[in-house]
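For reference, the structure is listed below as structure tokens.
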Amino acid sequence: MLDENGVVSRLTQVGGPLDRLIEEGGLIDRMAAPGGAIDRLLDREGAIDRMLAEGGVIDRLLAKEGLIEQLVQEGGVVDNLNELVAAIVNVLPVVERLAPVITQIAPVIETLAPPITQLAPALAQVEPSIEQLAPAVEQAVPVVMQLAPAIERAVPAVEQLAPAIVLLAPVIESLGPIIKRFDDSSQALASAVEPLRELRKRMPAAGRRSERKSRAASILPAGDGPEDQ
């Protein structure tokens, strides 16, 4: 990725994708131009102003006994998550075993360089959509404000989930041997059923022969059989 003519080199070369993004009159210039998408987001009394206004979403999150305070208080969600983090630390050996796989991904990333180079025109086409986002963000502010009480009400449930998640770790680990035994049993059952299938294939033919003999015996009168003659 970092060698000469590698992925990074091609992305940052003169006239490359990054140059086209930041060149004069490019996508970033158009977004940051007066009256552009960024200006519309930052306008006075725009979406961001309303979020930062007194009594707005940010104030409600940071208020005394608000959501943030409930999260970080002693015995709160953050405290309970410490145990979960300790369980995650046990996964680190697995991550270390993934290192060789990550090394093999480098050639795949190099093959992605041409599509990345073609992203600049696509981003230019997305610009009108970005400009249309400002009204959508403004419309979303009331929804965000309505979500704050719901988030506050959800805090007790989140606190109850943290110990349950920690308790699930050993249960999930214990499932591994059970699943392996189930797989072995399934294979053994499949092997045992195979002879029964072969036997079932032969049974209809034998049944038809017995049926023909019984039908012939019922047609012949008594005493006309080969043995009686």
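Residues in the sequence shown are numbered from 1 upward in steps of one, following the UniProt record's numbering.
No residue lacks a Cβ here, since even glycine has one placed at the ideal position from N, Cα and C.
Under 8 Å between C-beta atoms of residue i and residue j
i: G6; j: E110; result: yes
i: L84; j: V166; result: yes
i: A148; j: R50; result: no
i: A87; j: A169; result: yes
i: A134; j: R40; result: yes
Per-residue burial, residue i [other beta carbons within 10 Å of its own, 16 or more giving buried]
i: L27; result: buried
i: A150; result: exposed
Contact set for residue i: own chain, Cβ-Cβ below 8 Å, skip 5 residues either direction
i: V143; result: none
Simplified DSSP assignment, three categories, for residue i
i: N5; result: coil
i: G36; result: coil
i: L62; result: helix
i: E159; result: helix
i: E23; result: coil
i: Q104; result: helix
i: E69; result: helix
i: N90; result: coil
Any non-hydrogen atom of the ligand GDP closer than 7 Å to residue i Cβ
i: A136; result: Annotation note on the ligand GDP: not contained in the displayed structure, which lists no ligands.
Whole-angstrom distance between residue j and residue i, CA atom to CA atom
i: L11; j: E96; result: 30 Å
i: Q13; j: P121; result: 17 Å
i: I58; j: E152; result: 13 Å
i: A162; j: N82; result: 9 Å
i: L21; j: D3; result: 23 Å
i: V89; j: K180; result: 25 Å
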